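Engineer: Handing you this structure, nothing more for now.
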Amino acid sequence: MAMPTVFRSRMAANETSAYGAIRTIHTAQLAYAITCGYGNYASAFPDLGNPNGDGYLAPDLTSGPAPRKSGYSYVLQPGPNGISAFTDCNGNPTTTDYYVSATPVDFGKSGRRAFASNEGQVIWQDRTGVAPVEPFVAAGTVTPMESF
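Sequential numbering of the sequence shown, starting at 28, is according to this note's numbering.
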């Protein structure tokens with residue numbers, strides 16, 4: 028009888044973690060833009076990390092281009108305007124906008140909602156487990172969650 032409650036609690040914890048990770052990614056992108064990106068954003072997760080541990084994001088999100096954490100898979104890529112002509116303080120390409128998403132690794136087991144956002148910092152959710160796409164529009168199962 029307790030198993031369904033534990034199962035739902037784990038899914039809720041995974042969703043909360045994914046939502047929090049996207050908020051943290053926004054903060055990291057802002058710090059990166061101010062200090063290393065010369066006003067632009069990182070175009071990939073590894074650009075926000077540092078093997079020495081003093082990067083903008085923790086290694087669990089910067090160890091590769093598509094990290095997994097707490098039952099969710101993450102993607103960070105340039106937004107619709109694409110890669111800028113400039114590089115960052117480490118010689119990596121930058122972008123004038125970005126798109127980030129978090130989708131459940133196993134829909135219905137690791138989570139029921141997918142999340143996505145961009146430099147506008149409004150986090151969008153889709154209850155079907157598919158990440159909302161840009162341009163973000165509230166319709167059907169896609170709704171905004173918040174803005175900073």
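C-beta: ideal position from N, C-alpha, C; glycine also. These numbers were taken from a predicted model, which means no experiment stands behind them.
With a cut-off of 8 Å, do at least 3 Cβ pairs link the region 136 to 143 to the region 119 to 128?
Structural biologist: A contact exists between the region 136 to 143 and the region 119 to 128.
Engineer: Within the continuous alpha helix (DSSP H) that includes residue 86, where are the two ends?
Structural biologist: For the purposes of this step, residue 86 is taken as residue 59 along the sequence shown, with counting starting at 1. Segment 86 to 89, the alpha helix (DSSP H) holding residue 86.
Engineer: Determine the direct distance from the alpha carbon of residue 111 to that of residue 104, and round the result to whole angstroms.
Structural biologist: Residue mapping note: residue 104 aligns to position 77 of the sequence shown, counting from 1. Residue mapping note: residue 111 aligns to position 84 of the sequence shown, counting from 1. Roughly 12 Å between the two C-alpha positions.
Engineer: Just list the residues that DSSP pairs residue 153 with in beta bridges.
Structural biologist: On the sequence shown, residue 153 is found 126 positions in, with the first residue counted as 1. DSSP output for residue 153 lists 141 and 169 as bridge partner(s).
Engineer: In the DSSP assignment, find the beta strand (DSSP E) that holds residue 75 and state where it starts and stops.
Structural biologist: Position 48 of the sequence shown, counting from 1, holds the residue named residue 75. No beta strand (DSSP E) contains residue 75, which DSSP labels as neither H nor E.
Engineer: Classify residue 76 as buried or exposed, calling it buried when 16 or more other Cβ atoms lie within 10 Å of its own Cβ.
Structural biologist: Mapped onto the sequence shown, residue 76 falls at position 49. Looking at its Cβ environment, which holds 16 or more other Cβ atoms inside 10 Å, residue 76 is buried.
Engineer: Please identify the residue among 86, 152, 153 and 40 whose C-alpha is closest to the C-alpha of residue 98.
Structural biologist: The count along the sequence shown starts at 1 and reaches residue 98 at position 71. Among 86, 152, 153 and 40, the Cα nearest to that of residue 98 is on 40.
Engineer: Whose C-beta lies closer than 8 Å to the C-beta of residue 95 among residues of the same chain, with five residues either side of it excluded?
Structural biologist: Here residue 95 corresponds to residue number 68 of the sequence shown, with the count starting at 1. Cβ within range, chain order: 101 and 132.
Engineer: Tell me residue 114's beta-bridge partners as DSSP assigns them.
Structural biologist: Numbered from its first residue, the sequence shown carries residue 114 at position 87. DSSP output for residue 114 lists 120 as bridge partner(s).
Engineer: According to the Cβ coordinates, are residue 59 and residue 46 closer than 9 Å?
Structural biologist: Position 32 of the sequence shown holds residue 59. Position 19 of the sequence shown holds residue 46. Against a cut-off of 9 Å, the Cβ pair of residue 46 and residue 59 comes out as no contact.
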